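First comes the structure, then the notes that go with it.
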Amino acid sequence: MSSDPVFELDDLTSAVLALVDALPPGQVTTYGALAAEVGTGPRQVGRIMANYGHLTAWWRVVRADGSSHDPERSVPHWDVEGIAHNGRAVKL
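To get my numbering, take the position in the sequence shown, counting from 1, and add 1396.
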């Protein structure tokens, strides 16, 4: 996450990004699991990741079916981290 003092995030966004930052390489989670942790809905987490995911390991957050919003960009990261996948989705 950015440590730039000019770049301030709201509490919910900070909480979501902190949870993603805490995921070790090779582990994934879903939008729904993150949402349950912070007390919001998966769509809100999706919105946060769409806007701020570039600040963290966004490829570690997948849909409930294991698919990525951008498999073409996710697959190389999954391969490096040893995350099992079928080319469009991880095996949850």
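Built from N, CA and C at the ideal position, the CB exists for glycine as well.
Predicted model, so just to flag it, every value in this text is computed and none were measured.
Bridge partners - residue i, DSSP secondary structure assignment
i     : result
V1458 : T1426
A1485 : S1463
Whole-angstrom distance between residue j and residue i, CA atom to CA atom
i     : j     : result
V1458 : K1487 : 10 Å
H1481 : V1471 : 8 Å
D1406 : V1412 : 10 Å
L1415 : L1430 : 7 Å
T1409 : G1449 : 10 Å
W1454 : R1469 : 10 Å
G1428 : T1452 : 18 Å
Buried versus exposed call for residue i [16 or more other C-beta atoms within 10 Å across all chains shown]
i     : result
V1424 : buried
R1531 : Because the chain in this structure spans residues 1397 to 1488, residue 1531 falls outside the shown range and cannot be described.
V1476 : exposed
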